[in-house]
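Here is the structure we will look at, set down as C-alpha cells.
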Amino acid sequence: MEPSKDISRLIEIMAALRHPETGCPWDIEQSFETIKPYTIEEAYEVSDAIERGDMDDLCDELGDLLLQVVFHARMAEEAGEFSFGDVVNAITTKMIRRHPHVFARSEADTPDAVKIQWDEIKQAEKRERAERRARRGISEDFKGGFLGSVQRSFPALTEALKLQERAAKVGFDWSAPEPILDKIEEEIDELRVALREGDRGKVSDELGDLIFAVVNIGRHVKTDPEQALRGTNTKFRRRFSHIEHVLDKDGETLEAASLERMEEIWQAAKAIERALVAE
C-alpha cells in the first residue's frame with residue numbers, strides 16, 4: 088500500500104490495521120475508551136505546534152489528529168453506528184446550515200443579523216439533538232441544565248474551574264478562601280483512609296475531590312489553576328534537567344543515581360533559583 092493525498096487511502100489503511108485476521112494486534116484490541124486519551128493528546132500537540140510556530144510539526148500533528156478521527160469512525164462503522172463518510176456529511180451539513188448567508192439566500196447581511204440567525208439555527212439543532220437522544224433512550228444530558236454551558240471537552244482543571252464559576256453565579260460558593268483550606272485538609276484525610284483500605288476506585292474518587300477543592304482555592308485567590316500547574320510543570324522540567332546535567336557532568340546516569348543523590352541536586356537547583364530571584 089502506497090502513501091497518498093487522498094483521504095480514502097487513510098481510511099483503507101485504518102481498515103487494514105483493524106482487520107481481525109491480518110491487522111495489527113495493537114490496533115485490533117483498541118476501543119473508544121482506550122483511544123480517547125490519544126485523541127486528547129494529539130489535540131494538545133496540535134496546539135503546541137501552533138504556539139511554537141512550527142509549521143512542519145503542525146502538518147504532522149494535524150495528520151496524527153486526523154488519524155484519531157478515522158480510528159474512531161472505523162470502530163463506529165464496525166459497530167454498525169456510523170462511518171467516516173457520515174462524520175464528513177454531518178459537519179458539512181452543519182456548516183452549510185449555519186451559514187445560509189454564504190451558501191443560500193438569506194437576509195442576514197450584518198454581523199448582528201448573522202448572530203441572531205446563528206442562535207436560531209443552534210436552537211433548532213439542540214431540539215433535533217434532543218429528539219435523537221430520546222430515540223436512543225439516552226436520558227442524561229450534560230448539555231442541559233444550569234451547568235450545561237460548561238463544556239465537558241475542556242481539560243479537567245479548566246472544566247472544574249468553570250463549573251465552580253458557574254455555580255457561584257447563583258450563590259453556591261464559599262465566602263472566603265480559608266474554609267476551602269479546611270475542606271482540602273478534610274479531603275486529604277479521606278484520601279489517606281482510602282489508601283489504607285486499598286480501594287482503587289475510592290482512591291480515585293477522593294483524589295478527584297481533593298483536586299477539585301484545590302482548584303476552588305485557586306479560583307478564590309484569582310489564580311487560574313491550569314496556568315499555575317503549567318508554571319509548576321515548567322519548573323519541574325527545569326529542575327529535573329539540572330539533575331540530568333549535573334549527573335552527566337559527573338559521569339553518572341539517571342538510571343544509576345539514587346533518590347538521595349537526585350534529591351540533593353534538586354535542592355541545589357532550588358537554591359540557585361532562589362539566588363537568581365533575590366538578585
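Here our numbering is used: the first residue of the sequence shown is 88, the next is one more, and so on.
Just so you know, even glycine gets a beta-carbon here, dropped at the ideal spot from N, CA and C.
Computed from a predicted model, the values in this text were never measured in an experiment.
Between the options, which has its C-alpha nearest residue i's C-alpha?
{"i": "T180", "options": "R361, I208, V157", "result": "I208"}
{"i": "S118", "options": "H106, L152, H159, G140", "result": "H159"}
{"i": "F233", "options": "G224, R214, L248, V257", "result": "V257"}
{"i": "D206", "options": "A281, G224, K322, R185", "result": "R185"}
{"i": "P266", "options": "K289, V301, I122, D144", "result": "V301"}
{"i": "L154", "options": "T245, E293, I98", "result": "I98"}
{"i": "P187", "options": "V175, N176, Q204", "result": "Q204"}
{"i": "L244", "options": "A315, D292, D196", "result": "A315"}
{"i": "M88", "options": "S95, I100, I94", "result": "I100"}
{"i": "N303", "options": "W261, E347, R220, A177", "result": "W261"}
{"i": "R361", "options": "E218, K322, E347", "result": "K322"}
{"i": "F299", "options": "R317, L268, A195, R324", "result": "L268"}
{"i": "S240", "options": "G167, D135, A195, T126", "result": "T126"}
Does residue i pass the burial test, meaning 16 or more other C-beta atoms within 10 Å, or should it be called exposed?
{"i": "Q71", "result": "Lying before the first or after the last residue shown, residue 71 is absent from the chain, which here runs from 88 to 366."}
{"i": "E148", "result": "buried"}
{"i": "V237", "result": "buried"}
{"i": "V189", "result": "exposed"}
{"i": "R223", "result": "exposed"}
{"i": "L341", "result": "exposed"}
{"i": "R161", "result": "buried"}
{"i": "A247", "result": "buried"}
{"i": "F284", "result": "As written in the sequence, residue 284 is Glu, which differs from the Phe given in the question. Label assigned to E284: exposed."}
{"i": "E274", "result": "buried"}
{"i": "E293", "result": "buried"}
{"i": "I352", "result": "buried"}
{"i": "E164", "result": "buried"}
{"i": "H307", "result": "buried"}
Measure the beta-carbon distance from residue i to residue j and round it to whole angstroms, keeping in mind my assumption that it falls under 8 Å.
{"i": "D311", "j": "G305", "result": "7 Å"}
{"i": "L152", "j": "E129", "result": "4 Å"}
{"i": "E313", "j": "P242", "result": "6 Å"}
{"i": "I115", "j": "R105", "result": "6 Å"}
{"i": "L145", "j": "V157", "result": "About 19 Å; that fails the 8 Å criterion."}
May I ask whether a heavy atom of the ligand NAD can be found less than 8 Å away from the beta carbon of residue i?
{"i": "T126", "result": "With respect to the ligand NAD, the structure offers nothing, as it holds no ligand at all."}
Does the structure place the segment 105 to 114 close enough to the segment 168 to 188 that three or more beta carbon pairs sit under 8 Å?
no
Could you say if the segment 314 to 328 and the segment 349 to 357 meet the contact criterion of at least three C-beta pairs nearer than 8 Å?
yes
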